[in-house]
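Read the structure below first, then the notes.
There are 2 protein chains.
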Amino acid sequence: MTGIEEFTSQYGLVRKIDAFGYLDYLKSNPDAPRKHGKVVLVTADTPLKASRGEGKTTTTIALIDALNARGIDAAAVLRQPSMGITAAGSKGGASGGGKASLTHPELIDWGLCGEMAAIAAAQNLLVSFAEKAVDEGRLDTILVPRVSEVPSRSLRQIAVDRGKNDVPERVVLTPTCELMQIVVLSRSMDEIGRRVAAMIAGTKDGKPVAFGEFIDLWRITNMLADAVKPALTETLNGSPVYVHGGPFANVSLGIPTLVAVEMACALHDVVVVEAGYGADAGAQKWLDIACREYGAQWPSAAVVVTRASTWRDDPSLSWRYPFHVQRLENYDIPTFPLINLWEGEDDQVDSLRATAAELDFREPIVGNLFRDGGEALAPQLDGFVAALGQSSSAAQFHSRKGMELVENVKWIAKSAYGVPEDRVLLKDGFTESLVAARELCREAGIAIDDLAVVAVKSPATMTDDDTRPEDERTVTLKKVEVHAGAGVVHVNLTTSLTTPMPKIV
Amino acid sequence: MTGIEEFTSQYGLVRKIDAFGYLDYLKSNPDAPRKHGKVVLVTADTPLKASRGEGKTTTTIALIDALNARGIDAAAVLRQPSMGITAAGSKGGASGGGKASLTHPELIDWGLCGEMAAIAAAQNLLVSFAEKAVDEGRLDTILVPRVSEVPSRSLRQIAVDRGKNDVPERVVLTPTCELMQIVVLSRSMDEIGRRVAAMIAGTKDGKPVAFGEFIDLWRITNMLADAVKPALTETLNGSPVYVHGGPFANVSLGIPTLVAVEMACALHDVVVVEAGYGADAGAQKWLDIACREYGAQWPSAAVVVTRASTWRDDPSLSWRYPFHVQRLENYDIPTFPLINLWEGEDDQVDSLRATAAELDFREPIVGNLFRDGGEALAPQLDGFVAALGQSSSAAQFHSRKGMELVENVKWIAKSAYGVPEDRVLLKDGFTESLVAARELCREAGIAIDDLAVVAVKSPATMTDDDTRPEDERTVTLKKVEVHAGAGVVHVNLTTSLTTPMPKIV
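Residue numbers (my numbering), protein chains in the order written: chain Y, 120 to 624; chain W, 120 to 624.
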């Protein structure tokens with residue numbers, strides 16, 4: 120593909136691509152050769168616990184290997200895993216496994232080219248500048264949190280300037296911060312600058328003050344110069360894999376950067392996008408935030424990964440997997456169940472297929488992807504490839520912009536979690552939190568109902584108690600937090616951790 | 120030079136070199152072609168304030184450009200500046216300026232390849248593991264501080280787990296932490312692992328507990344995989360410049376990594392090493408710590424940089440510059456005064472030369488290096504090149520290992536600051552701090568008197584009050600802190616900031 124080499128540099132064992140530059144080049148050269156790849160969304164069943172993956176990355180890698188083996192030019196776009204969590208041992212890496220692996224998983228798992236660290240440093244510098252603004256009398260309350268790349272539960276609530284002013288603060292994991300969201304959603308460094316300028320640093324006499332009022336934006340954008348470039352690596356079989364953007368779809372976006380996906384679509388025919396945690400988390404965010412509100416491409420097909428044990432071993436939770444598959448089909452996205460077998464589960468294939476048939480699923484794709492990689496998938500992809508060929512990526516969807524915030528959350532609860540609006544409850548304090556957030560936005564000249572809603576929740580639950588019968592399930596809203604720069608508003612469900620900062624386990 | 124290419128990878132606009140691997144290769148291949156370059160130390164007058172550089176990096180760059188222009192194969196080894204301080208605007212970058220610049224100063228100043236950030240993440244992970252050890256009852260008090268790449272004075276004293284346990288902690292700047300010292304001083308990843316294992320995590324019932332007793336060392340060394348590789352960039356004139364190791368010679372080591380210097384010596388005939396702040400800081404640390412205790416190469420020549428204004432505009436401080444020059448000459452290091460002129464100072468050359476002659480200096484090198492770069496130096500280097508050719512790098516020096524700690528500090532005060540031992544005073548509390556440190560070491564099975572002393576002080580002063588007459592100058596010792604993993608013991612002078620964490624200015 121002409122052009123892309125000029126925007127590509129070697130970085131050790133991976134390459135980094137100036138995606139902003141390449142997409143600009145395509146815009147100013149409409150006749151330049153390019154592809155118009157279709158997006159395939161890889162999502163999963165809701166996991167039984169946060170630390171237990173279903174195998175989305177393994178599936179994504181096996182899938183592109185299998186497609187390339189069939190002569191289809193396919194690439195994957197992954198999010199960068201959190202080094203802190205990996206290093207701490209709280210969670211494995213996120214670079215596949217066994218035959219469905221990357222050539223250099225250690226690079227992806229252990230900090231890549233410093234992207235996350237640069238975002239952390241820039242977000243922390245914003246807090247330092249906010250402190251300076253307090254000293255100068257421009258601010259009296261800081262609203263942006265500091266971040267850390269490594270988990271430490273004791274950082275959830277801290278006091279700084281101990282012994283003098285004892286200012287209460289909180290620290291969040293880097294991938295969940297507003298600056299990471301800005302990097303994920305922005306299509307140029309100028310857009311990043313504008314969004315950073317619009318971030319609400321804090322308040323002065325109750326009125327919001329944006330960073331644009333007192334910082335030099337170049338200090339932040341300089342820090343991000345390399346972090347905005349997607350990394351390119353490959354699978355053991357040589358299929359291209361782009362890595363860019365942060366994890367944790369339960370408490371933030373948890374999707375790859377939009378530019379990484381758009382660049383991949385210009386370079387390949389099929390682009391497999393992995394979104395974080397279950398379909399209620401990353402897939403919901405890809406569809407309802409990235410596609411509806413930020414112009415990302417609607418998927419032409421979806422693969423929903425589960426493990427035999429996740430799907431069937433807890434009967435009270437077995438409703439979740441068919442719910443996810445059906446939900447995506449209802450959007451006219453051809454949706455393929457994929458059951459990722461573990462050692463010793465080969466004898467379950469027939470029974471799994473029978474269950475899938477009872478549920479009116481498409482023919483499921485079943486295999487031990489760790490053991491067999493893409494070879495396990497290749498013979499099962501006829502239906503998938505056919506569906507992909509027929510589907511149109513110009514699917515029908517519309518923005519929820521302007522929908523009143525609670526109505527918007529109720530719509531999410533209904534469409535993504537299966538809970539009707541009369542069972543969306545408001546916890547004590549939620550209304551006050553919403554009124555305060557609405558007022559903050561009004562003072563900042565933003566319509567809160569125009570912000571995209573980020574549901575902040577546990578990765579392992581969709582409702583207050585997923586084990587209850589369907590007609591008793593509820594969703595309770597706890598609080599609201601505005602990320603004006605990213606253009607999103609967080610709504611915390613009661614299942615969420617207020618501050619995503621796990622303990623080392 | 121055969122061999123080095125195999126250890127070199129492109130990282131965007133710079134290259135990274137597996138120095139550990141290359142030095143191992145040379146060790147196992149004694150007949151492989153290599154050079155035995157001589158080290159030239161570039162140091163400076165004590166600056167008037169921390170944020171005001173004399174021009175060491177500018178000089179270093181101009182010097183190697185001038186030597187290469189004369190056909191001498193010369194390279195520089197610089198420390199990586201602190202992105203946090205640069206981004207915050209507290210201090211300029213450290214990549215030269217004007218004609219004496221690097222091709223891509225922005226890379227050096229803005230995070231390089233994430234080395235500092237990886238060290239920060241690893242040091243913070245150590246604290247997280249120490250917290251886990253507290254939960255498990257292995258520790259009751261944590262001694263290692265968290266670190267931050269960006270300055271924020273409010274972090275000097277913090278409380279974590281606010282509202283529950285309110286545990287007091289402190290945060291220090293990344294370049295000053297023990298893990299950075301370990302990276303600077305170690306010659307293999309195994310050595311880093313051993314040194315991390317020997318770091319004292321904290322105490323249990325008053326007894327020291329080392330990290331080796333409870334962490335997986337691979338988690339830390341994996342995080343550092345890229346950070347241990349020096350970066351290679353070049354000057355505008357194409358002279359090679361290696362960048363590796365952290366700044367801040369006043370409160371830590373502030374010298375480049377030993378492996379970067381050793382690798383450069385195997386590849387070039389002259390290796391110009393820049394050490395931080397004044398000769399009382401970085402040069403003292405290079406000579407008395409790196410050379411005496413860690414086997415680094417004794418300099419074959421030194422250049423002491425000053426500005427006309429630093430040297431002469433405050434008569435009460437004008438003793439410092441000749442003191443530094445004379446001190447290095449006393450070690451038989453041919454020492455060249457270099458006066459880095461600023462705009463509008465060209466007419467001072469004759470008077471500066473006259474003053475230098477009165478002081479019995481070698482013929483000083485004088486020029487506006489920002490404006491003229493190496494061209495300003497080249498015609499003045501005959502004496503320097505001749506001295507370098509005559510000097511032997513096998514100079515006489517000896518370890519201070521085993522010297523009682525206070526005696527050792529008194530020796531530093533006398534040799535590096537000009538204060539005799541009867542004017543080295545102990546502040547209230549110093550003795551208790553020393554007794555506690557000595558006991559901690561004893562319990563850990565370490566002889567405190569075998570550790571290398573790191574004087575922790577203000578960058579802009581050598582004594583309690585440099586403006587007083589020589590026979591009234593004192594040095595007061597405040598406290599002692601052991602970095603058992605790095606093999607050093609910090610002794611804070613009263614002029615030091617307890618925690619190096621500046622405010623944004």
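Every residue gets a Cβ at the ideal spot worked out from N, C-alpha and C, and that includes glycine.
As the structure is a computational prediction, the values presented were derived from the model and not from experiment.
Can you name, in chain order, every residue of its own chain whose Cβ lies under 6 Å from the Cβ of residue i, other than the five neighbours on each side?
{"i": "Y/W229", "result": "M202"}
{"i": "Y/L544", "result": "T593 and T595"}
{"i": "Y/C296", "result": "Q242 and V266"}
{"i": "Y/K622", "result": "R272"}
{"i": "W/H443", "result": "A398 and V423"}
{"i": "Y/H363", "result": "P349, P375, T376 and A379"}
{"i": "W/Y361", "result": "V196, P349, L351, A379 and A383"}
{"i": "Y/P441", "result": "L478"}
Helix, strand or coil: how does DSSP classify residue i here?
{"i": "W/F455", "result": "strand"}
{"i": "W/Y628", "result": "Absent from the structure is residue 628 of chain W, since the part of chain W shown begins at 120 and ends at 624."}
{"i": "W/A415", "result": "coil"}
{"i": "Y/H155", "result": "coil"}
{"i": "Y/P166", "result": "coil"}
{"i": "Y/A473", "result": "helix"}
{"i": "W/A579", "result": "coil"}
{"i": "Y/V302", "result": "helix"}
{"i": "W/K361", "result": "Checking the sequence, you will find Tyr at residue 361 of chain W rather than Lys. DSSP places W/Y361 in strand when its eight states are reduced to three."}
{"i": "W/E327", "result": "Position check: residue 327 of chain W holds Pro in this sequence, whereas Glu was assumed. In this structure, W/P327 counts as strand in the three-state DSSP scheme."}
{"i": "Y/V525", "result": "helix"}
{"i": "Y/I565", "result": "coil"}
{"i": "W/G215", "result": "strand"}
{"i": "Y/L544", "result": "strand"}
{"i": "W/P366", "result": "coil"}
{"i": "W/L197", "result": "strand"}
{"i": "W/A394", "result": "coil"}
Against residue i, what residues of chain W qualify as contacts under a CB-to-CB distance less than 9 Å, listed in chain order?
{"i": "Y/C84", "result": "Here chain Y has residues from 120 to 624 only, and residue 84 of chain Y is not among them."}
{"i": "Y/V286", "result": "S273"}
To which residues does DSSP link residue i through a beta bridge?
{"i": "Y/A130", "result": "In the sequence on display, residue 130 of chain Y carries Tyr and not Ala. BP columns for Y/Y130 point to Y/V133 and W/Y130."}
{"i": "W/G401", "result": "Its beta-bridge partners do not exist; DSSP assigns none."}
{"i": "Y/G486", "result": "Y/N459"}
{"i": "Y/A571", "result": "Y/V607"}
{"i": "W/T354", "result": "W/L221"}
{"i": "W/S267", "result": "W/L292"}
{"i": "W/V423", "result": "W/T162 and W/P456"}
{"i": "Y/K598", "result": "Y/N611"}
Could you tell me which chain W residues have their CB closer than 8 Å to the CB of residue i, listed as they occur along the chain?
{"i": "Y/L633", "result": "Residue coverage of chain Y in this structure runs from 120 to 624, which leaves residue 633 of chain Y outside it and unanswerable."}
{"i": "Y/R338", "result": "A206, A207 and G208"}
For a contact defined as C-beta to C-beta under 9 Å, what are the partners of residue i on chain A?
{"i": "W/D280", "result": "In the structure shown, chain A cannot be found, because the protein chains are Y and W."}
Along chain Y, in chain order, which residues have C-beta atoms closer than 9 Å to that of residue i?
{"i": "W/K576", "result": "Per Cβ cutoff of 9 Å: no residues; W/K576 is ~24 Å from chain Y at best."}
{"i": "W/S220", "result": "Near W/S220 there are no residues of chain Y at all, since even the closest Cβ is about 17 Å away, more than 9 Å."}
With a threshold of 7 Å on Cβ separation, who are the neighbours of residue i within its own chain once the five nearest residues in sequence on each side are excluded?
{"i": "Y/A409", "result": "I374, L377 and A415"}
Would you report the Cα separation of residue i and residue j, rounded to the nearest angstrom?
{"i": "Y/S458", "j": "W/A379", "result": "Sequence inspection shows Ile at residue 458 of chain Y; the Ser mentioned does not correspond to that position. Whole-angstrom Cα-Cα distance: 50 Å."}
{"i": "W/E558", "j": "W/K348", "result": "36 Å"}
{"i": "W/K546", "j": "W/V554", "result": "14 Å"}
{"i": "Y/L292", "j": "Y/T613", "result": "19 Å"}
{"i": "Y/K641", "j": "Y/L460", "result": "Here chain Y covers residues 120 to 624 and nothing more, so residue 641 of chain Y does not appear."}
{"i": "Y/Y144", "j": "Y/G321", "result": "38 Å"}
{"i": "W/D388", "j": "W/K157", "result": "6 Å"}
{"i": "Y/C560", "j": "Y/D568", "result": "10 Å"}
{"i": "Y/A206", "j": "W/R189", "result": "49 Å"}
{"i": "Y/A236", "j": "W/L231", "result": "12 Å"}
{"i": "W/F333", "j": "W/I339", "result": "13 Å"}
Going by the C-beta, is residue i closer than 6 Å to any heavy atom of the ligand SAH?
{"i": "W/P264", "result": "Of ligands this structure carries none, so the ligand SAH is not represented either."}
Taking residue i as the query, report the chain Y residues whose CB atoms sit under 7 Å from its CB, ordered along the chain.
{"i": "W/M299", "result": "Those within 7 Å of W/M299 in chain Y number zero; the least Cβ separation is about 15 Å."}
{"i": "W/K135", "result": "G131"}
In chain Y, what lies closer than 8 Å to residue i by C-beta?
{"i": "W/A427", "result": "Those within 8 Å of W/A427 in chain Y number zero; the least Cβ separation is about 31 Å."}
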